[in-house]
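For the working numbering, add 676 to where a residue sits in the sequence shown, where the first one is 1. C-beta atoms are modelled at their ideal positions from N, C-alpha and C, and glycine is treated no differently. Bear in mind that the values here come from a model prediction, so they are computed numbers and not experimental data. Structure first, then comments.
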Amino acid sequence: IHQPESLKAALEGQQFDVVVDWIAFKPEDIERDLALFRGKVKQFIFISSASAYQKPSSYYIIDESTPLYNPYWQYSRDKIACEERLNEAYRQDGFPVTIVRPSLTYDFNFPIAIGGWGCYTLADRMKKGQPIIVHGDGSSLWVVTHAEDFGRGFLGLLGHTQAIGHAFHITSDEVLTWNQIYETIADGLGVKANMVHIASDFIANVTPDMGPGLIGDKACSAIFDNSKIKAFVPEYKAVIPFREGIRRTLAWFDADEKRRWVNEAVNQEMDRILAAYTRS
Numbered sequence: 677i678h679q680p681e682s683l684k685a686a687l688e689g690q691q692f693d694v695v696v697d698w699i700a701f702k703p704e705d706i707e708r709d710l711a712l713f714r715g716k717v718k719q720f721i722f723i724s725s726a727s728a729y730q731k732p733s734s735y736y737i738i739d740e741s742t743p744l745y746n747p748y749w750q751y752s753r754d755k756i757a758c759e760e761r762l763n764e765a766y767r768q769d770g771f772p773v774t775i776v777r778p779s780l781t782y783d784f785n786f787p788i789a790i791g792g793w794g795c796y797t798l799a800d801r802m803k804k805g806q807p808i809i810v811h812g813d814g815s816s817l818w819v820v821t822h823a824e825d826f827g828r829g830f831l832g833l834l835g836h837t838q839a840i841g842h843a844f845h846i847t848s849d850e851v852l853t854w855n856q857i858y859e860t861i862a863d864g865l866g867v868k869a870n871m872v873h874i875a876s877d878f879i880a881n882v883t884p885d886m887g888p889g890l891i892g893d894k895a896c897s898a899i900f901d902n903s904k905i906k907a908f909v910p911e912y913k914a915v916i917p918f919r920e921g922i923r924r925t926l927a928w929f930d931a932d933e934k935r936r937w938v939n940e941a942v943n944q945e946m947d948r949i950l951a952a953y954t955r956s
């Protein structure tokens, strides 16, 4: 996909029912897609991000009419720009776009704000009784969605001609506090979480690279109204509660020692934040 000229030759004469782009992050990626697939696809699905929604939200429930505005995170602003370009192509040329905005979706990873993504670092710290960081007081609300649940809604959009020109988010209806998220992981491990609550602004000041994704996403409460995806895909229902989903995740890690790798860079970053907080 990153060699458009050779790909253009390979696509010559091809027609597709659906194309899904999971790896478009900037408007120039969308321009490439338009050049490659215009006139060749019946439906083009762009994977955007629920982090594109207004931050902080002016209304406590988020639906697809919530404004797209994130002054904190460039990743989200780039996704917004991608959506705008695709909507322009739809309005001007009839390019058959459907936009999907996942939120924090997990399977073989821990859906957390601080502690590593595709590694075992957080679980390792919990099992050793080491402190873990929870932003704020841990009482803000969040939604985590198991990939199988997301897939049920997503598959229902494939080839769905009535979904063209529309945007959707696909999330669970289970709303948890961040304290509950970390406590549920600890429960799955059979331990008690040693949580240290640190203000998001403090974390962002100590580790500026972490700031945008925290202040511009996970530090803001998020409750999603899934009425739209349920209207277009009536069979959609998220059925995997986090307490069950995270046990599946932990079982996957337990099945192979090689999967339980600890990212020392993440450990060091957490320890640096904790040390700075202790000194403050």
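If we count the other Cβ atoms within 10 Å of its Cβ and call it buried at 16 or more, is residue i buried or exposed?
i: K684; result: exposed
i: D754; result: buried
i: R777; result: buried
i: A927; result: exposed
i: R948; result: exposed
i: K868; result: exposed
i: S727; result: buried
i: I699; result: exposed
i: P747; result: exposed
Short of 8 Å in beta carbon distance, which residues of its chain neighbour residue i, apart from the five on each side in sequence? Order them along the chain.
i: M886; result: I790, I879, A880 and E945
i: G835; result: D693, V694, K718 and Q719
i: P680; result: R708, A711 and L712
i: L865; result: A799, M802, K803 and L926
i: I857; result: P787, I788, W818, V820 and F918
i: E759; result: F722, S724, A728, L744, I775 and A843
Look at the Cβ atom of residue i, then the Cβ atom of residue j, and state whether they are nearer than 9 Å.
i: T847; j: L817; result: no
i: T925; j: F784; result: yes
i: A711; j: I775; result: no
i: V872; j: L780; result: no
i: P888; j: Y751; result: yes
i: P703; j: C896; result: no
i: G792; j: N939; result: yes
i: Y766; j: G715; result: no
Please list, in chain order, all residues of the same chain as residue i whose beta carbon is under 6 Å from its beta carbon, the five residues on each side excluded.
i: K894; result: A789
i: H822; result: I916 and G921
Looking at the unbroken alpha helix (DSSP H) that takes in residue i, where does it start and where does it end?
i: A761; result: Contrary to the premise, residue 761 reads as Arg rather than Ala in this sequence. Q750 to D769 is the extent of the alpha helix (DSSP H) around R761.
i: K906; result: S903 to F908
i: A927; result: F918 to D930
i: P703; result: P703 to F713
Within a Cβ cutoff of 7 Å, which residues of the same chain sit near residue i, ignoring the five residues on either side of it in sequence?
i: P917; result: E850
i: A952; result: V882
i: A839; result: T774, L833 and F908
Below 8 Å, is the gap between the Cβ of residue i and the nearest heavy atom of the ligand COA?
i: Q944; result: Only the bare structure without any ligand can be found here, which leaves the ligand COA out of the picture.
Just to confirm the assignment, what range does the beta strand (DSSP E) spanning residue i have?
i: D697; result: F692 to D697
i: M802; result: No beta strand (DSSP E) contains M802, which is instead part of the alpha helix (DSSP H) from T797 to K803.
i: I949; result: No beta strand (DSSP E) holds I949; the alpha helix (DSSP H) holding it covers E940 to R955.
i: F722; result: V717 to I723
i: F844; result: A843 to I846
Practice problem: Check whether the stretch 798-818 touches the stretch 901-911, counting contact only when three or more Cβ pairs, one atom from each stretch, lie closer than 8 Å. | Solution: no
Quiz item: So does the stretch 799-813 actually touch the stretch 728-747, counting three or more Cβ pairs closer than 8 Å?
Solution: no
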